[in-house]
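Here's the structure, in structure tokens; my notes come after.
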Amino acid sequence: MKVFDFDKLIINEKIFGIEIRDSLVKVLEIKRVRGKYSVGGYGKQELEPKSIENDVITDEQSVAKAVKLAREQATPHKIKSKYASVVLPDSKIFVRVVTFPGKMTKEEIRDSIEWKAKDLIAMPLDRVYWDWHRLTEEDDSEQVEVVISAVERECADSYTRTLAMLNITPIFYDISGNAAARFLFQKECKSRRALLVRIDKNSTTLSLFLNGGVRYQTQIRDLVKGGFNSLIDLTASKLKVEKDAAEQLILSPDKLNAEQKILLQGSFEVNYESLYQEIRNILDYYSQNLNKTGETQSKEESFSGIYLYGQGAKLFHLKTFLEKKEVEIKDRSVSKSDVSPMFPFISRESLPENLVILGLSLRNLGSFRELRDINLVPEKIQSKYLQVSIYSSLYAYLKIIFWSVYIVGIILIFAYVLTLFYHDNVKEELKSIENVAESPANTELRRDISTINETAQKIELLTATQLDWDMLFGEFSKAKPAGIRINNMLVSEDPEAWKTIAGEGRVLTREGFIYMVVNGTADTRESLKLYVDNLDDSEIFSDVKMPISSFESNKNLEFSVYCLIDTSKL
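Just so you know, the sequence shown maps onto residues 0 to 569 in numbering that gives the first Met the number 0.
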């Protein structure tokens, strides 16, 4: 009995459908992109003879090989998902509906359901996997209906072992009737009522689907040995053809001529009679037991009809025979389909035999997640998935934390190294300039650099401006012609620095600029004028001013030059 909501736990997993039926394996993956559905991959593969006996996989390696080939050869793309929705054989599944008083709480029903299951299921509970869910959603109902389903462990375990060989985890073990209805009715599953008849080579299954799930399911054992294989033998004998040709003829009646149809019709009707009787019995049961109120039902709650599906859905003369018995057969769903047949992978003609694989593939997509029904996956698989999911989540979180710390650490280290490099680079440049200036050939430049070094301590107060000092000193040295000796240089963000030399009337205020005052001696007026012009021509220095008193003599002029430094250029 389930102890946690497995369906909600697996809501984000990508799954594909697997149908293993008679002698064929089908795989289908449907993807939902921006609200639309499309085929990711569709493939099928023939099974080796006697791979399945009595609806139990006996040659697990052979079936695993067929599933693997079907996935690898799927069109248009290979199927790589490791989670699957699988349909189990109807002959191994038990379905019944039980009722509880409406006054019972959900917890009380959960506690009582196992006792009901022991009474209803023909086998001991330790020999089956079973599941249940409420069909009645209203809390104020007089009675609460619960559907109980079970599958023989021997059968389910053979599927589990086969998929394990391919590292595939079954997320859903489904019932064919529920899977077919999921595609037929889609969003209207919870309100539709229908009889679903699946006809395969070796079995015929009838499922009564009411308001969201199969309530009753049975198999016909005496109808052509449970399927239409004996009809193939009968046709081959009467028409004197091979079995393969006989199968094609009865599944495509248009290929039969008038004489052949007359020859087969009577024999086929004898076989179809038991199918009609079983259909009639189920319809009478529905009418007498599940529709007791006698009130006029709304269109949404009325009986939707009878649907034939499976390989034998288009058997020769079957639909005509049933309609003569006043049994109306539906060819397609009464509800508008969100998922159209995906030609050329699944055409309108091949739709009846692909309803189950379509429904399996849709179970965990979009609005189909809301269609909660039976899931016969064993608890040990659910618990193992839960454990793996927890470990994967923890690993993902730890991975995110690790990489976050790692990236932040790398950024911090890079920033630290960059800071050291920048600081050391400035020191090396200044040291290089000073070494050059100390040479005997550069006495005058050495004196200028010495003065600049003395003022460097004051310049450190301006580090917040992040100026390119290399560029500033380069432009400053470039502007100084021969015959100019620098005694002192003052750089400051404070306009008071100008007041010291230029007086109150000389102070300018301009955002984005800092102030510089240079004191020195010029050999001649021409060299001093050239120096002022060079500073004024530079993009970095602007508003270059010099007191007139600096030109009072012709030689050895002591001067003071003040200007603005444009920090946006540095």
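Each residue gets a CB set at the ideal place from its N, CA and C atoms; glycine is no exception. Because the structure is a prediction, the values reported are computed rather than measured.
With burial defined as no fewer than 16 other Cβ atoms inside 10 Å of the residue's Cβ, what is the status of residue i: buried or exposed?
| i | result |
| --- | --- |
| phenylalanine 420 | exposed |
| isoleucine 564 | buried |
| serine 403 | exposed |
| isoleucine 409 | exposed |
| valine 32 | exposed |
| leucine 411 | exposed |
| leucine 397 | exposed |
| methionine 488 | buried |
| proline 48 | exposed |
| glycine 265 | exposed |
| asparagine 353 | buried |
| proline 351 | buried |
| tryptophan 129 | buried |
| valine 269 | exposed |
| aspartate 54 | buried |
| alanine 501 | The predicted model places alanine 501 with a pLDDT of 48, which falls under 50 and marks its position as unreliable, so this point remains unresolved. |
| glycine 34 | exposed |
| valine 407 | exposed |
| leucine 417 | exposed |
| glycine 511 | exposed |
| glutamine 185 | buried |
| glutamate 246 | buried |
| isoleucine 399 | exposed |
| threonine 234 | buried |
| isoleucine 345 | buried |
Give me, in chain order, the residues of the same chain whose beta-carbon lies closer than 8 Å to that of residue i; leave out the 5 immediate sequence neighbours on both sides.
| i | result |
| --- | --- |
| glutamine 218 | Asp89, Ser90, Ser202, Thr203, Thr204, Leu205 and Gly225 |
| glycine 40 | Phe15, Val26, Leu27, Glu28, Arg70, Ala73, Thr74, Pro75, His76, Lys77 and Ile78 |
| asparagine 555 | Thr520, Ala521 and Asp522 |
| histidine 132 | Val145, Val146, Gly212, Arg371, Asp372 and Ile373 |
| isoleucine 92 | Ser148, Ala149, Val150, Ile174, Gln216 and Leu375 |
| alanine 463 | Low per-residue confidence applies at alanine 463: pLDDT is 46, beneath 50, and the placement is therefore not dependable, though the value from the model is reported in the following sentence. Cβ neighbours of alanine 463 beyond the five flanking positions: none. |
| asparagine 533 | Lys477, Ala478, Lys479 and Pro480 |
From the DSSP output, which residues share a beta bridge with residue i?
| i | result |
| --- | --- |
| aspartate 130 | Ser148 |
| serine 491 | Tyr514 |
| lysine 528 | Looking at the DSSP assignment, lysine 528 forms no beta bridge with any residue, so it has no partner. |
| isoleucine 564 | Ile513 and Phe540 |
| phenylalanine 471 | According to the sequence provided, residue 471 is leucine. The question's phenylalanine does not apply to it. In the DSSP output, where bridge partners are listed per residue, leucine 471 has none listed. |
| arginine 484 | Thr520 |
| serine 140 | According to DSSP, serine 140 bridges with nothing at all. |
| phenylalanine 75 | Correcting the residue identity first, residue 75 is proline in this sequence and not phenylalanine. According to DSSP, proline 75 bridges with Gly40. |
| proline 88 | Looking at the DSSP assignment, proline 88 forms no beta bridge with any residue, so it has no partner. |
| alanine 83 | Phe15 and Pro169 |
| phenylalanine 420 | Phenylalanine 420 pairs with nothing; no bridge assigned. |
| serine 346 | Paired residue(s): none; serine 346 is not in a bridge. |
| phenylalanine 93 | Ala149 |
| lysine 559 | One point to set straight first is that residue 559 is serine, not lysine, in the sequence displayed. Note: serine 559 sits in a beta bridge opposite Asn518. |
| lysine 329 | Tyr306 |
| phenylalanine 99 | Val143 |
| histidine 52 | Residue identity differs from the one stated: residue 52 is glutamate in this sequence, not histidine. Partner(s): Val55. |
| valine 196 | Leu205 and Leu307 |
| lysine 554 | Thr523 |
What residue range does the alpha helix (DSSP H) around residue i cover?
| i | result |
| --- | --- |
| glutamine 216 | Taken as a continuous stretch (DSSP letters only), glutamine 216 belongs to no alpha helix (DSSP H), being part of the beta strand (DSSP E) at 212–218. |
| lysine 544 | No alpha helix (DSSP H) contains lysine 544, which is instead part of the beta strand (DSSP E) from 540–544. |
| alanine 69 | 59–71 |
| isoleucine 571 | The displayed coordinates of the chain run from 0 to 569. Any statement about residue 571 would go beyond what the structure contains. |
| serine 360 | 354–361 |
| isoleucine 305 | Not the alpha helix (DSSP H): isoleucine 305 falls in the beta strand (DSSP E), residues 302–308. |
| alanine 312 | No alpha helix (DSSP H) contains alanine 312, which DSSP labels as neither H nor E. |
| lysine 242 | 242–250 |
From what residue to what residue does the beta strand (DSSP E) around residue i run?
| i | result |
| --- | --- |
| aspartate 232 | Taken as a continuous stretch (DSSP letters only), aspartate 232 belongs to no beta strand (DSSP E), being part of the alpha helix (DSSP H) at 228–238. |
| leucine 207 | 203–209 |
To which residues of the same chain is residue i closer than 6 Å at the C-beta, ignoring the five residues directly before and after it?
| i | result |
| --- | --- |
| lysine 528 | none |
| glutamate 294 | Because glutamate 294 carries a pLDDT of 41, less than 50, the predicted location of this residue cannot be relied on, and the following value inherits that uncertainty. None. |
| glutamate 18 | Lys25, Val86, Val355 and Ile356 |
Looking only at its chain, what residues have a beta carbon closer than 7 Å to the beta carbon of residue i, apart from the 5 residues adjacent to it on each side?
| i | result |
| --- | --- |
| aspartate 535 | Val543 |
| asparagine 315 | With the sequence shown as reference, residue 315 is identified as phenylalanine, and asparagine is not the correct amino acid for it. Cβ neighbours of phenylalanine 315 beyond the five flanking positions: Ile249, Pro252, Leu255, Leu263 and Phe267. |
| leucine 165 | Ala63, Val66 and Lys67 |
| alanine 116 | Leu124, Trp129 and Ile147 |
| lysine 324 | Tyr275 |
| glutamate 327 | Gly304 and Ile305 |
Mind checking if residue i is an interface residue toward chain C, Cβ cutoff 7 Å exclusive?
| i | result |
| --- | --- |
| leucine 183 | Of the protein chains in the structure, only one exists, and it is not chain C. |
Within the segment 16–46, ranges of the beta strand (DSSP E) (whole runs, at least 3 residues): Runs of the beta strand (DSSP E) inside the segment 16–46: 23–32 and 35–45.
Ordered list of beta strand (DSSP E) runs contained in the segment 148–192, each at least 3 residues: Scanning the segment 148–192 from its first residue to its last, the whole beta strand (DSSP E) runs of 3-plus residues come out as 168–173.
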